[in-house]
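**Q**
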Amino acid sequence: MTALPPVTAEVAAAALDLLPARLRKRVDGAVAKAAGWPVEVTPDGVVVRAAEDTAVTLKVTGTGVVMHADDAVCSCLLAPACLHRAAVLSRAPLAEAASEPPASEPPEPAAVDEEQGPGRIPDQDPSADWPAAAARSLWEAGVAVLAAGVAGSGAVHRSRLLHASHSARLAGLHRPSATAVRVARRLGEARGDDPAFRLGELVADLAELLESTRLPNRTALTPARRSYTPAGPLRLYGLFTEPVVTASGYAGATTYALAPDGSLRTISDIAPGAADRAAQAANSRVPGGAALSLRELGDGGGLILTSPTVSADGRIGGGSEVRSVRAQGAQWHEAPLDTLWEQPPAAQLDAPSGLLFLAGTLTTDGTFAADGGPTLRLAAPDERLELPYAENLRLLTARPGLTLRIIGRVRSEHPGSIAVLAAVWPGPDGVPVRADLGLRRLNRTHLPPLAPVTAVPHPSPAELPVALDLLRRTVDRTVAGGRPVAAWAAADGDLPHRLRAAGLTTGADCARALADAAADRRHDALGRLLPGDPDAFARAWLAASVYARTATRSLLTASYRS
15 MTALPPVTAE VAAAALDLLP ARLRKRVDGA VAKAAGWPVE VTPDGVVVRA
65 AEDTAVTLKV TGTGVVMHAD DAVCSCLLAP ACLHRAAVLS RAPLAEAASE
115 PPASEPPEPA AVDEEQGPGR IPDQDPSADW PAAAARSLWE AGVAVLAAGV
165 AGSGAVHRSR LLHASHSARL AGLHRPSATA VRVARRLGEA RGDDPAFRLG
215 ELVADLAELL ESTRLPNRTA LTPARRSYTP AGPLRLYGLF TEPVVTASGY
265 AGATTYALAP DGSLRTISDI APGAADRAAQ AANSRVPGGA ALSLRELGDG
315 GGLILTSPTV SADGRIGGGS EVRSVRAQGA QWHEAPLDTL WEQPPAAQLD
365 APSGLLFLAG TLTTDGTFAA DGGPTLRLAA PDERLELPYA ENLRLLTARP
415 GLTLRIIGRV RSEHPGSIAV LAAVWPGPDG VPVRADLGLR RLNRTHLPPL
465 APVTAVPHPS PAELPVALDL LRRTVDRTVA GGRPVAAWAA ADGDLPHRLR
515 AAGLTTGADC ARALADAAAD RRHDALGRLL PGDPDAFARA WLAASVYART
565 ATRSLLTASY RS
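Okay, so the sequence shown: first residue is 15 according to our numbering, each after it adds one.
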């Protein structure tokens, strides 16, 4: 089935607002039905056939996004206050907030929309504390989702999140606003049985939303768009290229390169599209006119840029003044790239990029014994069938004794594993084979022949203590089932005792506080059940979530240093 184009949060929320109360109750069912409606691609968007005589037309802008309410039109008599239009817009992926083409001219600061609309904060005196009010709305929307859980969060909860996100964006809280959109998107994935849904990602996003809005302060104010500043000439040595596929309907590729000062720089081509666009984007040209693709740069290429624009996190823009020429690159075992693998693994954990550069050997049980570091399981960063990560890793781990240099990403929630992005190893003829594991599909001809290997004792990959893992599962289950699930789990008071027995006394206190808050239902003088305190429950859950995350991170650090 053809994918729907991404829509802005404002358009999706406004479509639900137009529905009368009697139709809002039926939105979730309509969204489920909309999954089977055929989609036809048109020159300026798509047409969704809800019935023989009913169609919803979505028109996209030059960025491939449905930006305005007028761009979504239904042919039925009830439009625009109809279920067809609301269901299609609810099914469509939510566009990234304040997204910009990564390799384009640095954009001007976004202007505030002066039109009255859902979620807009009315004109106030500039001294009024808009961020605090907007943060409170985000907090309340997040708390409502937590209390209901994935099972009970429908279109109304998503609409409330999107409205709060819009208000927060106008108040300058762009990061919490974007987090709220991600939470709404993941709820949509869960309700639609999307295979891309990951409960752990929703838990992390919801915790980030509540953590950033519980005690709002001025540090939450962030620019609407990434700022690019002019820089001097840059000499880049390509490292690897990573395919990028997002749940919001964007896809492309990002190439990482090393600058002479030892910092990492990235060049990206990301736009609306499906997973198949990643391979196409990897073959797009680097900015500045050099006859070099992103993939060629990442595969040992070199580049010299003049008049580039660079963001604070190392992203290189593609302004009209930038010029580039091809240059000599380097292999991973050559200077200056080889210095990346000379850093001890433990010293790399706090790198801003989140990348690890490890050398080691594959063991007989398929794990990776890092030189000077822990034993790790090699994991696929993305398990989509369109990307060959998982298949490539199966081939590699079936070659015990193979020496590897890898570039991976830390998996804080899984201390004993690493998400592998690229690798190099000796080929059948002894010549190093270098592969971007998300773009290049390997076969046995890329690997040396199997050879007898003597099993060498090595430490097992790090595992979470059972009690800590149970606490983390309780945090996850609460998001999945809401307050009733947390209250049910509280009936078994064994978890705090197990945490305390394991020496995790703070974790035991967090588990006890969560159990008490979930089960706290008082009665009034007439014996009627009073509603629970949602804020107290959310604070207890957030404390347990932050503790579980921090303790897991501490275990990760300890495993690399031991």
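Backbone N, C-alpha and C define an ideal beta-carbon position, used for all residues, glycine too.
1. Could you check whether Gly331 and Thr320 sit closer than 7 Å to each other, using their CB atoms as the reference points?
2. Let me check understanding here. Comparing Cα to Cα, which of Pro52, Ala169, Asp58, Gly263 lies closest to Asp42?
3. Please say whether Val300 and Ile318 have beta carbons closer to each other than 7 Å?
4. Indicate whether the contact test is met: 3 or more Cβ pairs, each with one atom in the segment 77 to 97 and one in the segment 275 to 293, closer than 8 Å.
5. Taking Phe551 and Ala532 to be in contact with their CB atoms under 8 Å, please state how far apart those CB atoms are, rounded to whole angstroms.
6. Is the beta carbon of Gly441 closer than 7 Å to that of Gly343?
7. Taking 6 Å as the line, does the beta carbon of Thr260 fall inside it for any heavy atom of the ligand GTP?
8. Kindly indicate which three-state DSSP category Lys73 falls into: helix, strand or coil?
9. If you scan the segment 454 to 479 from start to end, which runs of the alpha helix (DSSP H) of 4 or more residues do you find wholly inside it?
10. Going by the beta-carbon positions, is the gap between Thr381 and Thr389 smaller than 7 Å?
11. Does Glu335 pass the burial test, meaning 16 or more other C-beta atoms within 10 Å, or should it be called exposed?
12. Could you have a look at Pro244 and say whether DSSP puts it in helix, strand or coil?
13. In this structure, what does DSSP give as the bridge partners for Val259?
14. For the candidate residues Leu369, Leu518, Ala83, Leu92, whose alpha-carbon lies nearest to that of Leu37?
15. If you measure between the beta carbons of Arg419 and Val438, is that distance less than 7 Å?
16. Cβ of Leu224 within 7 Å of Cβ of Leu556?
17. What's the gap between the Cα of Ala95 and the Cα of Leu72?
18. Cα separation between Val197 and Ala162?
19. For Trp439, which three-state DSSP category applies?
20. Based on the DSSP secondary-structure assignment, which residues constitute the bridge partners of Val87?
21. Going by DSSP in three states, Ala204 sits in which element: helix, strand or coil?
22. Report the three-state DSSP secondary structure of Ser338 (helix, strand or coil).
23. In whole angstroms, what separates the C-alpha of Ala29 from that of Leu103?
24. Short of 6 Å in beta carbon distance, which residues of its chain neighbour Glu110, apart from the five on each side in sequence? Order them along the chain.
25. Could you have a look at Glu54 and say whether DSSP puts it in helix, strand or coil?
26. I'd like the span of the beta strand (DSSP E) that includes Val61, first residue to last.
27. Where do the N-terminal and C-terminal ends of the beta strand (DSSP E) with Val424 fall, by residue?
28. State buried or exposed for Gly315, treating a residue as buried only when at least 16 other CB atoms are found within 10 Å of its CB.
29. At what residue ranges does the segment 295 to 344 contain a whole run of the alpha helix (DSSP H), taking only runs of 4 or more?
30. What did DSSP end up calling Asp523 once you bin it into helix, strand or coil?
31. Would DSSP call Phe371 helix, strand or coil?
32. Rounded to whole angstroms, what is the Cα-Cα separation between Ala35 and Ala326?
33. Near Asp396, what residues of its chain come up, given a Cβ to Cβ distance below 8 Å and the 5 sequence neighbours on each side ignored?
34. Can you tell which of Leu401, Pro463, Leu369 has the C-alpha that lies nearest to the C-alpha of Pro414?
35. Please list the terminal residues of the continuous beta strand (DSSP E) segment that includes Thr381.
36. Under 6 Å Cβ to Cβ from Ser167, same chain only, skipping five residues before and after it: list those, please.
**A** The relevant details are as follows:
1. no
2. Ala169
3. no
4. yes
5. 6 Å
6. no
7. In terms of ligand content, the structure shown is empty, and the ligand GTP therefore cannot be addressed.
8. strand
9. none
10. yes
11. exposed
12. strand
13. Ala265
14. Leu92
15. yes
16. yes
17. 16 Å
18. 14 Å
19. strand
20. Thr71
21. helix
22. strand
23. 7 Å
24. Ser262
25. strand
26. 59 to 65
27. 417 to 424
28. buried
29. 308 to 312
30. helix
31. strand
32. 47 Å
33. Pro257, Val259, Tyr403, Gly452
34. Pro463
35. Per DSSP, Thr381 belongs to no beta strand (DSSP E) and is neither H nor E.
36. Val159, Leu201
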